[in-house]
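Notes follow once the structure below has been shown.
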Amino acid sequence: MAKEIVDAISMKRALMRMTYEIIERNKGTENLVLIGIKTRGLYLAQRIAKNLKNLEDVDVPVGAIDVSQYRDDLPESEKEKMIHGQQLDFDITDKNVILVDDVLFTGRTIRAALDAIMDQGRPAKINLAVLIDRGHRELPIRPDFIGKNIPTAMDEEVKVSMTEVDDKDGIDIMNK
1 MAKEIVDAIS MKRALMRMTY EIIERNKGTE NLVLIGIKTR GLYLAQRIAK NLKNLEDVDV
61 PVGAIDVSQY RDDLPESEKE KMIHGQQLDF DITDKNVILV DDVLFTGRTI RAALDAIMDQ
121 GRPAKINLAV LIDRGHRELP IRPDFIGKNI PTAMDEEVKV SMTEVDDKDG IDIMNK
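So for the sequence shown, UniProt numbering puts the first residue at 1; every next one is plus one.
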């Protein structure tokens, strides 16, 4: 059974607050790029970029990365078959990268994303923005921008729904 914990309006507010925090902490938008982890991280990054355009009248580059080839839970034989190619269509060297994802759980996806980003260039810094931080970290990874902290049990799942892929905005908690 799913329990809605964040509705569409609250989700929009959380993203707007995160946008303001990104502007403040970076002292503007100069040298800023957004990289979303496919799939929902990309759509969140695009929404943050739209907020930045509305607030600061600037077009911040948005890119997407697929971290599946960087996962540490794949056998080496599978990793060898994968091509480590360019995923971004802009240079991230000396840029302030905001890595965006929907849910932060163990930290393993973020670790994989950091490896993927470093294969693309050498950013000046990387900050992490997540819509939901649910705890239960297995790696020492901490988000810089958080939409909402939602403590969860290990037998629960956080489901982020976005209009771009799910035809609605909202966040539910479900038992596995």
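The beta-carbon is built from N, C-alpha and C at its ideal position, and this holds for glycine as well.
Given the structure is predicted, the values throughout are model-derived calculations rather than measurements.
For V97 against V33, the beta-carbon gap comes to about 6 Å, under 8 Å, which counts as contact.
As the crow flies, the alpha-carbon of I171 is around 7 Å from that of V158.
For V130, the secondary structure class from DSSP, reduced to helix, strand or coil, is strand. With 16 or more neighbouring CB atoms inside 10 Å of its own CB, F105 falls in the buried class. For F145 against E21, the beta-carbon gap comes to about 5 Å, under 8 Å, which counts as contact. L34 carries a strand assignment under DSSP once its states are collapsed to helix, strand and coil. N175 is bridged by DSSP to E156. The beta carbon of P123 is closer than 6 Å to those of I92, K95, V97 in its chain, skipping five residues each way along the sequence. A direct Cα-to-Cα measurement between N26 and I48 gives close to 14 Å.
Beta bridge pairing from DSSP links A124 with no other residue.
In this structure, the beta-carbon distance from A116 to Y70 falls below 8 Å. DSSP, reduced to helix, strand and coil, places D115 within a helical segment of the structure shown. Short of 7 Å from the beta carbon of T29, and not among the five residues preceding or following it, lie these beta carbons of its own chain, in chain order: I23, L52, E56, V58, V60.
In the displayed model, I5 falls within a strand according to three-state DSSP. A direct Cα-Cα distance of roughly 16 Å separates Q120 from K38.
Around the Cβ of A2, a 10 Å sphere holds fewer than 16 other Cβ atoms; the residue is exposed.
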